[in-house]
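Taking it in order: structure first as structure tokens, then the write-up.
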Amino acid sequence: MAPLTRSFFQCLMRLYHPQRQSGLSCSLRIQSPNRAEKLVLLIGIVTQAYIFGVTSAQAQEESIEEAPITKYPQIIESAEAIYPPLALKHRIGAQVDLDLEISETGTISDIVVVKTTTVAETLSSTIAETYQVVRTSTTANYGFGAAAIAAVQRMIFSPAEAEGIPVAVRVPFTYTFELPPLPKTPPASEQEQQGQIVLQGTLRERGTRSVLPGVVITVFRKDHNEAAAGYEATSDAKGQFRFYDLKPGMWLIQGEADGYYPLRDKIDIVEDEITEVTYYLEKGSYSPYDIIVQADRIKREVNRRTLTREEIRTVAGTLGDPILVVENLPGVARPNTGSGNIIVRGSGTNDTRVYVDAIEVPIIYHFGGLKSVLPIDVVESVDFYPGNFSVFYGRGTGGVFDAHIRRLQPDQVHGAVELSALDVSAFLEAPIGKNVAVASGIRRSVIGDIIPAVVPDDADIGVISAPVYYDGQFILNWRPNREHYFRIFGLFSDDTLELLFENPSELSTQLSDESTRTSVNFQRVVLEHRFTPSEKFQNQALVALGRDYTQFGSFGFAFELDSLSLDLRNTAKWQVSEAIGFRLGLDVNGSLTDVLARLPSSNAAEGDTGGNPDLTTTIAASIADRRIIEFGGFIEAEWVPIEWLQIVPGVRVDYFELVNQWSADPRIVARIQLSEKLSIKGGVGAVYQPPTPAESIRPFGNPDAGLQRGIQYSLGTEFGFAENIPVLKNITVDLTFFYKDLDDLITSSDLRDEDGDPLFTSNSAIGRVYGLETFIEHKFADNFRGWLSYTFSRSERRDSPTEGWRLFDFDQTHILNLNTSYSLPNGWEIGLRWRLISGNPTTPSIPLQSGQTFFLSDLDQYSDVPGESNSERLPIFNQVDLRIEKNWIFNVLQFKAFLSLINTFNVENPEGSSFNFDYTEREFATGLPVFPNIGFRAEF
Amino acid sequence: MRKYQLLVLLTFFVPLILLNSGIASGQSLIDPAARQGYYIGTGVRIGNSIGDSEDVGDLGQLSHFGFAFRGGQKPLPWLGLGLLLSSGGDTNDDWESALGGLMLEVQIEPFPFNLAFRGAIGVAGGSISRTRVEDETDDDPSFMFGSNYIVGISYDWFPFYNSKAYRSGGGALTFFAEGRLFPGGDVTLAGGFVGVEFTWWTGLNKRKLRLPVEKAFE
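First to last, the sequence lines map onto chains A and B.
If you read the first sequence in the working numbering, its first letter stands for residue 1, the second for the next number, and so on.
If you read the second sequence in the working numbering, its first letter stands for residue 1001, the second for the next number, and so on.
Shown next as structure tokens:
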């Protein structure tokens, strides 16, 4: 047998033998290979690769000892790993979880890296600058896994034993990389070099302009009469590199970094000159998910879902809006197109509180519900609580949205300009010195200019809307030291909607005006101070000043509201020990309001069955300086008596001046962490909600209207899959059962006061809501992210003790949402959303069903006669939205083009009904047709 | 160790080591080809359509002529994404219509033979009217709007491309056949077309290509 062949088979035997001497390596001695030997080698490589896979699996099965282990492997001789240089430079530690197969002789026969957890050392800005620690915002693999494997392979173990007999076992093993202390003497800012600098440059990341440290740059060339020459340098913490004493002439320069396309260029070195260059390396992927998660947020609430800005941008069908995206989460019903309603776990819009950093805002959507008042550029994340929320929030029986404004930390000036079919916006943020940062944004709608331009004059459309909205934001952060943090945040929003009717009498014979105009605007200025003297205590104080203005006029009706508001919040967090912490707070809201109104006397509420409202009788009111004050205080504890058990009890007390009533909301949630991937959670709590001013202030409402009450229950589980299961390892499942008991709900009423005037409302209704929420999420991995949410929900009301149960107006029994997004190379991103949702309940029309008509002589029109309230349903809602985005990366700029196809298949989903003149024929009013929102965005 | 031994070791063991060490690698480079990078194309098509109206019934067979403008990129060697602007008219003795659309386009190239399967989905709108004014009725449809779907197949012929020159991109004549469905509310149009376009492929930047040294640093 030729020497090569003999050596080759010896190697194969050693790899296959259970008692192989080394892990994956196998020394192969080749003397003088001939052609036949080369062919054998090639065949052997292919065969060996296949057999290795098979025999490894077999060996794994054979080596797993079924008898009970009486003695586990022990380390006889340890080995120290080589700390990855880049991680050392970035001051990154790590813990590498390995899976080892240790043979009967104590040798390592297999090593698998299960997980690598990195931890960035906390450094002050001064230390970081002194020791030139600069961390890039990438998820580059520092090489901890390889280093740990190399170290473990050099270790010697004693074998495991089962009743005295050595056996092979597979055991978990953790290798921890601990950072050595920083040297007492920091490195000199400029090292002494031998020779003269002839070439110096800076490496930056294309598009973001971030510096790239730790990249190896090579210059090389080969002159005709000389040997090839090449030199290497590594970019420092500032991304700078230098070469010395290069001979004049043309050199080739090359640079390679993990995750980047290579740098290739020619450079001409001139004698007695220093050549300076700046290179921009292009990343292979500019995925919005290339961020480091510094720490996991402790899950205090049972049902909080948090979406970050990067996640919100990629959801198809939501136009990148931070509030619209929440409609795709479990527990949220689909509102009618254009309504702007927020329906959470079978509760109405007024029942769900919407906050911006814990400060309530009067409206969250611009007209038509297509965009919220917060552009994505100023939002850091959105928290959504469908129920069982903390006592930090109150005054609502539905859910809670809390959008968090960005905490500015810009390293340089950044900005963005965006233009789409809906609106145009601009955003700019900049540092001022080391401790101050400012940002500002503004946005204006353009859809109002586009609609008249594209809709033909002869189109059979009865209403042409001319909407215009503006909004603007201002943020200023100031951090004078580690203990104090100040922020000013300003927000304004302005909506004007003018509806033009071609034939207003088609809406009602009582209407004659051809247009109506509505204007809604508000402003808020929020001052925030955070005091953090230690890791165990923090106090946050918020003061918000605001003004709200609403004006409506047409058809003989008018409404004008002008209100000033003041919000005060103070929250103190005290972590007494590792096992227990407290949160105490005050929540005060006050407003001073002027109202001028002349409105129809009919006061339709949820559940009303329609018919023909009487628009000829009106109510006029003039209210000046109406004060409304709400005081609230809360205390909450987070108790972890055992490592796997977390209990959060709390109580909130509120006083409502509007109804002169107190409320006390005890609540408790708990989480049991059964394993790393499995937990059980549950909660129960009371919530109270005051009536709206329109429901309780004369002459529009009932002054005796009181608080509405709810008891919220939920019980659920969250689980994931083991890290070694392909695909499933990236999936988490959340199942939650919920029940909500509602009492003293405000409903329309025929009650009258002592003078015989109608009261319009009363607390005579009750409600119940129950269901199951399912949320299956694939976290971002392998360029894919998505979720499937399904909600089964039943929401019922009983308007008085003498009436039976009926469905809630927005009860949607089945709500299925599928959201996916995929990042492709070269800056492409595609996304899809599919929604399949039960139709809303609707009240049948007797004339439609029976053919019998009803004519009202006093109003000179036919009347609808409603059947049993909400006893029918509209057809199922089915809609697919597509989104595609292309990102171009330039040296100092990123340019993005996107196209969102809303309702891609142009399904005519019914939103409501319209009838002919005598209610004997019905036509469904459909929602938004296929709508292409094309846009462009430039960021720098 | 001799150079050959090192080569064998690297060939045999490096892939195994990489599989287990989880070392991140640089961006993969690809071989130059004609159909790479961004594409921009424009051309014409002809064919036949059939139409139907909810109000007036069968519109009969119509002759079609149209043109298109498309642009996009191949993020993957086998996948192209882009936008398609399409416009055209369908006529017969009784009816004449005009339809324009904006669509997302996908091109799938399962084989490296410049043959691609194309599909597009988007929105289209237009108008339709009687050819003779005297035939008009109140029930006639006039305005069309809705989703638009196209599926087809194309072949790019690069007459001047030289694969041995390590070039990427180039100009091509694109021959295609496609079918269209426009379920536009009151009016539905469906048709089959053939056409030709001129397409320019920009190719990839050399830093993304696997090139010999003398070509990489040109």
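For each residue, glycine too, the CB sits at the ideal point set by N, CA and C.
- Considering only A:Leu86, A:Gln74, A:Leu645 and A:Ala81, the residue with the shortest C-alpha distance to A:Glu104 is A:Gln74.
- Using a Cβ-Cβ cut-off of 9 Å, B:Ile1121 is close to Leu882, Leu901, Thr904 and Phe905 of chain A, given in chain order.
- Any Cβ of chain A closer than 7 Å to the Cβ of B:Lys1208 would place that residue at the interface, and such an atom is present.
- In this structure, the straight-line span from the alpha carbon of A:Ser565 to that of A:Phe656 is close to 15 Å.
- When secondary structure is reduced to three states using DSSP, A:Ile364 falls in the coil class, being assigned neither helix nor strand.
- When Cβ-Cβ separations below 7 Å define contact, B:Phe1217 makes contact with chain A.
- With its beta carbon at least 7 Å from every one in chain B, A:Tyr83 lies outside the interface.
- Residues of chain A whose Cβ lies closer than 7 Å to the Cβ of B:Ser1147 are, in chain order, Thr904, Phe905, Asn906 and Val930.
- Counting only the Cα atoms, A:Asn350 lies some 14 Å from A:Leu742.
- For A:Val356 and B:Phe1176, the gap between their C-alpha atoms comes out near 53 Å.
- A direct Cα-Cα distance of roughly 6 Å separates A:Arg517 from A:Gly553.
- Against chain B, the CB of A:Asn826 has a partner CB under 7 Å away; the residue lies at that interface.
- By the neighbour-count criterion, in which 16 or more other beta carbons inside 10 Å mark a residue as buried, A:Gln689 falls on the buried side.
- Taking 7 Å as the cut-off, the Cβ atoms of A:Leu422 and A:Ala403 do not count as close.
- A:Val525 carries a strand assignment under DSSP once its states are collapsed to helix, strand and coil.
- The contact set of A:Leu252 on chain B, defined by CB atoms closer than 7 Å, consists of Phe1217 in chain order.
- Burial check for A:Ala722: the Cβ neighbour count within 10 Å stays below 16, so the residue is exposed.
- Assigned with DSSP and collapsed to three states, B:Leu1079 falls in strand.
- By the 16-neighbour rule on beta-carbons within 10 angstroms, A:Leu832 is buried.
- Residue contact check for B:Pro1032 against chain A: no CB pair falls below 7 Å.
- Of the residues assessed, A:Lys434 falls on the exposed side of the cut-off, its CB having fewer than 16 other CB atoms within 10 angstroms.
- With contacts defined by Cβ atoms closer than 7 Å, A:Ala437 and A:Leu419 do not form a contacting pair.
- Cβ contact annotation for A:Ile846 (same chain, cutoff 6 Å, sequence separation greater than five): Val865 and Gly867, in chain order.
- Three or more beta-carbon pairs drawn from the stretch 887 to 900 of chain A and the stretch 930 to 938 of chain A are found closer than 8 Å, and the two stretches are therefore classed as touching.
- Between A:Asp881 and A:Asn903, the alpha-carbon positions lie close to 5 Å from each other.
- The residue from B:Arg1118, B:Asp1094 and B:Ile1050 with its alpha-carbon nearest to that of B:Gly1082 is B:Arg1118.
- When DSSP reads this structure, A:Leu568 sits in a beta bridge with A:Val543 and A:Val588.
- Taking 7 Å as the cut-off, the Cβ atoms of B:Phe1158 and B:Ala1034 count as close.
- Nearest neighbour of B:Asp1093 by Cα position, chosen from B:Ser1063, B:Leu1085 and B:Pro1075, turns out to be B:Ser1063.
- Residue range Pro85 to His90 is occupied by the alpha helix (DSSP H) that includes A:Lys89.
- Rounded to whole angstroms, B:Pro1077 and B:Phe1160 show a C-alpha spacing of 21 Å.
- For chain A, none of the residues of the stretch 1029 to 1057 of chain B brings a beta carbon within less than 7 Å of one of its beta carbons.
- Residue pairing by DSSP places A:Asp743 opposite A:Arg709 in a beta bridge.
- Taken atom to atom, the span from the alpha-carbon of A:Gln153 to that of A:Ile108 is near 7 Å.
- With 16 or more other Cβ atoms from the protein chains shown falling within 10 Å of its own Cβ, A:Asp665 counts as buried.
- With the rule of 3 Cβ pairs closer than 8 Å, the stretch 305 to 314 of chain A does not count as touching the stretch 793 to 809 of chain A.
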